[in-house]
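Take any residue in the sequence shown, count from 1 to its spot, add 3: that is its number in my numbering.
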Amino acid sequence: MNKILLALSIPYILSATTMGELFDALKNHSQTKSDEMVIEKAKIARSQARAKLYPTINLFGTFDNYSTPTGMVPVPPDTLVGLVRDSSTQPFSYNIYKGGANFSMPIFVKSIYSTADKARILQKSAQSKKRINLLQNEAVIVGSNANLEYLQALKKSLDIKEQSLLETEKTLKIKVDNGRSPASALYKINDSLNQVSIAKNSIDLQKQKLISSIEAITGIRLDNPIQMQETSQLKSGELASLQPLQEKVKASRIGVRIEKEKLYPTVVAHGSYAFSSATAYNNAQDVNEKYGDVGVLVNIPLLSMGQYEEISKSKIELRADEISLEKLRDELSARENMLQTSLPLLDNSIKLSHKSVHNKEKLLEIAKVNYKSGRLSTEEYLRYEDDVVDAKAKLYQAKAEKWQTMMELAVIYANNIEEIVQ
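See the structure below:
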């Protein structure tokens, strides 16, 4: 029963009627989840860096076999002289068992703190990258849907043209049968109808590609485009889409600092405690000894050619990231200027196209009357039919281009697309 209910619910789960539903589906899709995994990896890297500041404690147990009697623990000379003189049980044996614990803890290792800072910034970069990727995919959804609207509107205009041609064909067929018009005129109408069918088939092919692009990032397959409206103004400002790379450059700078700090002195505390058990070699008596130590190790690197090379390598990586940032900033600045200049031009194109469609439709009405009265040739009449479709195509295309332009700018400025489009 549950399987039947699930099967019946799938068509509803994988459908959408609003842009918000598409955006929600995107957030739960594998495209977005893969970015979340990058953030999780960055969190782990940060935790790993911090973990190095905590003590490391180990338990151990050993068994050692020696070819000559060996001391279980260090024995002071004056104590050892007394043991030899009295022939008492001595802490030397061929086989020694040990068990205990040891620890180490960094007191001052400068590079650990810097590594934690670098991991924190890389985590921030991953979060910014996730946001920009989400905006880019939302822009793809809006742009693809806008093109679907354009193709649907274009197909409707072709349907109108087809219906007009079919009506003309009926009238013309009567004239041809009565000998009032040449048969060639009918062939021309039929060819125009065939061209309409070819154009509609091409539109269907283009629609499937756009539908597939939306499905790839949302898991939802649209049957028809979703109506969109602009609910908020585009907010221009800084090139916020640069933030992921800017954070990466910051991390690379810290990376250079980390490699330099590895040449700094380090201070590490250490200690151990061991319980030894053995059979004394001199009288076969069981002997147990305890031994512990606590200390501080100061390590001062004097010469480390390999580390100098690591510093040089980190500087090259930093410079490469800085160049990538400069290159992307130049590209985005040029793209931003072009898109901002295009917006008012597209608005003007939409306004002019509306007028053109109105004028072409009026001219087509006049052409139909003239054609029926024989004052217009078939070629001239068909040209008016084509002009209407072309004018509408330019109008719908300009609207789609405006949506795409707005979405591209929204990504560049890192605007909230869900607030702009509903």
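Note that CB positions come from ideal geometry on N, CA and C, so glycine has one too.
Asked                                                                                                                                                           : Found
Near Leu137, what residues of its chain come up, given a Cβ to Cβ distance below 8 Å and the 5 sequence neighbours on each side ignored?                        : Leu29, Lys30, Thr35, Asp38
Would you report the Cα separation of Thr21 and Val424, rounded to the nearest angstrom?                                                                        : 10 Å
State buried or exposed for Tyr153, treating a residue as buried only when at least 16 other CB atoms are found within 10 Å of its CB.                          : buried
Apart from the five residues on each side of it in sequence, which residues of its chain come closer than 6 Å, Cβ to Cβ, to Lys101?                             : Thr65, Ala277, Ser279
Does DSSP put Val78 in a helix, a strand or coil?                                                                                                               : coil
What residue range does the alpha helix (DSSP H) around Ile257 cover?                                                                                           : 246–264
Is any heavy atom of the ligand FAD found at a distance shorter than 6 Å from the C-beta of Ser160?                                                             : As far as ligands go, the structure on display features none, and thus does not contain the ligand FAD.
Starting from the Cα of Gln246, find the closest Cα among Pro347, Ser200, Ile124 and give me that residue.                                                      : Ile124
So, helix, strand or coil for Lys101, using DSSP?                                                                                                               : strand
Can you look up His361 in the DSSP assignment and give me helix, strand or coil?                                                                                : helix
If the criterion is Cβ atoms closer than 7 Å, does the pair Ser96 and Ala281 meet it?                                                                           : yes
Name the one or two DSSP bridge partners that Glu312 has.                                                                                                       : In DSSP, Glu312 forms no bridge with anything.
Name, in chain order, the residues that DSSP records as bridge partners for Thr234.                                                                             : BP columns for Thr234 are empty, so no partner.
Alpha carbon to alpha carbon, how far is Ala219 from Ser315?                                                                                                    : 43 Å
Would DSSP call Thr20 helix, strand or coil?                                                                                                                    : coil
Can you look up Lys55 in the DSSP assignment and give me helix, strand or coil?                                                                                 : coil
For Gly146, which residues of its own chain have a beta-carbon under 6 Å away from its beta-carbon, when the five flanking residues on both sides are left out? : Gln407, Met410
What is the residue span of the alpha helix (DSSP H) that Glu165 lies within?                                                                                   : 113–180
Using CA atoms only, rank isn't needed, just tell me which of Asp27, Ala156, Asn140 is closest to Tyr399.                                                       : Ala156
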